Amino acid sequence: MLKDCDKGEFELWGRLMRLLISLNCALDCMEETKRLYDEYKKELAFRLEYDCKSRHAYYELLLLSDSIFDPNVAHMTLVNMLHDLEVLVTKGETDYIPLLYKTLINLSGNSIELCQFEEAGQHAYRAIQIAEEYDCMRFTNLGAAYNNY
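Residue 104 in our numbering is what sits at position 96 of the sequence shown, and the numbering runs on without skipping anything.
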């Protein structure tokens, strides 16, 4: 574990891990991708309680699950993440609204892949509602939300 490194060093290490995960995924080296994913997830989970940036990074990492894992595994990860983010947003933590939006987009795409079309539409519709409600924020992939809906 990286217990002794400061926040700056950990953030730099995290960037490297995300880069390595993306690179290995693009090269279709899935065993190494999963190993790096698990290692980074474990380190982030250790820091969740006292580091807000680690919590964001943790959820950003979970968004990659649909590129790494079986659609059923990814779907459960995203559903659990959706529930966590809904609780945080309900508590007034608006920093998590873009992550909630991205999770809904990923869930809608994942639901389509699993032939759960009604659920896909519901997630896409919720993502569109969030984008409209918080129109002062910049939301990426809005076209995907409309397409999935």
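In this text, a Cβ means the ideal position worked out from N, Cα and C, and glycines have one as well. Since this is a predicted model, take the numbers as computed values, not measurements.
If the criterion is Cβ atoms closer than 8 Å, does the pair Asn118 and Asp74 meet it? yes
Count the CB pairs spanning the segment 80-92 and the segment 109-117 that are closer than 8 Å, and state whether there are at least three. yes
Relative to the C-alpha of Asp46, which candidate in Gly22, Tyr133, Ala34 has its C-alpha closest? Gly22
So the candidates are Lys49, Leu72, Lys42; which of them puts its Cα closest to the Cα of Phe18? Lys49
DSSP three-state call for Cys123: helix, strand or coil? coil
How is Gly100 classed by DSSP in three states: helix, strand or coil? coil
Cβ-based neighbour list, Tyr142, same chain, cut-off 7 Å, excluding 5 preceding and 5 following: Answer for Tyr142: Ile105, listed in chain order.
For Lys42, which residues of its own chain have a beta-carbon under 7 Å away from its beta-carbon, when the five flanking residues on both sides are left out? Ile76
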